[in-house]
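**Student:** Structure provided below as structure tokens; questions to follow.
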Amino acid sequence: MSQKDDCYIIEEDDLLEPVRRLGRAGTKVGGGSLRGLDATVRASTRRGYGARGNAPLASSLSLFICGAGQVANGQWKLGVLLFLTEVLALVGHWSVLKAWPFFRGIAHIFAVSEEELFLALAAGDFLLVFFLLYNIAQAYHQGEASTGEFQGIGVPMISGLASLLVPGWGQILNAQLGKGLFFLFCVLAEIYVVALLVLTSFFQLFPQVGLESLIRTRGEVVQLILFFFASMIWILSVYDAYLVGRYSTYSRRG
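Whatever position you read off the sequence shown (first residue = 1), add 6 for our numbering.
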């Protein structure tokens, strides 16, 4: 490195010297240093640190099976715990339906009315919606923590088809987790309401509210309103997923 009038000029040899030293050191030890660096990079790639896509893959798996995305991210214990929670919830629902008179008798012993017992179970069911959303969000964020920030798949047709199958899925593939969870919450909440209307005698337990007579006399109207709301949410989810995916593709090309 030469000096002229207190100004330092960086020459080519100054930049290449560290690389040459590293090469000579690797050669002296039989290339062990460079091989070790290459092995580290390859091991990181095998663990998922060198490839993109874990966030959408993990969240998509957890969308259908609780804990599957966590297992894909390497969180085996959390994945098994979430899966067992889902299984326990399904078994619990089946048990309550089969042994409702027994649970009602136990509740009466503790001065708990059937209406109060049903309300507690219904509230617990609604909390399961948030459990499912947490399961998806955790898998998504853990995938990003392992592979870096996800920018979306950039294929609008796939995003639109995904939301056509499950509202909110396409938004997740577009790297819009919050919006995807919102669409999914709307659908799950509606399924929850329909289950209370059709599969249970929930509103029959509260005649003072007047909802039973409303459903009995205006049942078709209520069903049409729910169907219209679900259809609009579904269509909006598909349109938004395709539009955002298309915009993201054009932005990358630009």
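Using N, Cα and C, we set each Cβ at its ideal position, and we do this for glycine too.
1) Count the other CB atoms, across all protein chains shown, that sit within 10 Å of the CB of L183; report buried if there are 16 or more and exposed otherwise.
2) Is A181 helix, strand or coil when you go by DSSP?
3) With a CB to CB cut of under 8 angstroms and the five nearest residues on each side skipped, what residues in its chain are close to Q81?
4) Please report the distance separating the alpha-carbon of N60 from that of C72.
5) Does the separation of the CB atoms of Y245 and P162 fall below 7 angstroms?
6) Buried or exposed: A74, going by 16 or more other Cβ atoms within 10 Å of its Cβ?
7) Alpha carbon to alpha carbon, how far is G174 from S243?
8) Distance, Cα to Cα, L170 vs G176?
9) Helix, strand or coil for G75 per DSSP?
10) Taking the continuous alpha helix (DSSP H) assigned at F137, which residues delimit it?
11) Could you have a look at A105 and say whether DSSP puts it in helix, strand or coil?
12) Does the Cβ-Cβ distance between N141 and S68 come in under 7 angstroms?
13) Between the Cα of D131 and the Cα atoms of L202, M238 and E120, which residue gives the shortest distance?
14) Is G186 closer than 7 angstroms to I178 when the C-beta atoms are compared?
15) Is it buried or exposed for A105, if we count other Cβ within 10 angstroms and need 16 for buried?
16) Whole-angstrom Cβ separation of G160 and G251, contact assumed at under 8 angstroms?
17) Give every residue of the same chain whose Cβ lies closer than 6 angstroms to the Cβ of G158, excluding the five residues on either side of it in the sequence, and list them in chain order.
18) Quick one: Cα of F188 to Cα of V86, how far?
19) In whole angstroms, what separates the C-alpha of G54 from that of P62?
20) On the premise that V193 lies in contact with I239, defined as a C-beta separation below 8 angstroms, what is that separation, rounded to the nearest angstrom?
21) Flag this pair as yes or no: are the beta carbons of S65 and A128 separated by less than 7 angstroms?
22) Give me, in chain order, the residues of the same chain whose beta-carbon lies closer than 6 angstroms to that of L84; leave out the 5 immediate sequence neighbours on both sides.
23) So what does DSSP say about V244, is it helix, strand or coil?
24) What distance in whole Å lies between the Cβ atoms of F191 and L139, which are believed to be in contact at a cut-off of 8 angstroms?
25) Taking the alpha-carbon positions, what's the E155 to V135 distance?
**Tutor:** Let me spell this out:
1) buried
2) coil
3) Q148
4) 16 angstroms
5) no
6) buried
7) 6 angstroms
8) 8 angstroms
9) helix
10) E120 to T153
11) coil
12) yes
13) L202
14) yes
15) exposed
16) 7 angstroms
17) N180, A181 and S254
18) 26 angstroms
19) Note that G54 scores 39 on pLDDT, short of 50, meaning its location in the model is unreliable; the coordinates nonetheless yield the value given after this. Answer to the nearest angstrom: the Cα atoms are 13 angstroms apart.
20) 6 angstroms
21) no
22) Q76
23) helix
24) 6 angstroms
25) 26 angstroms
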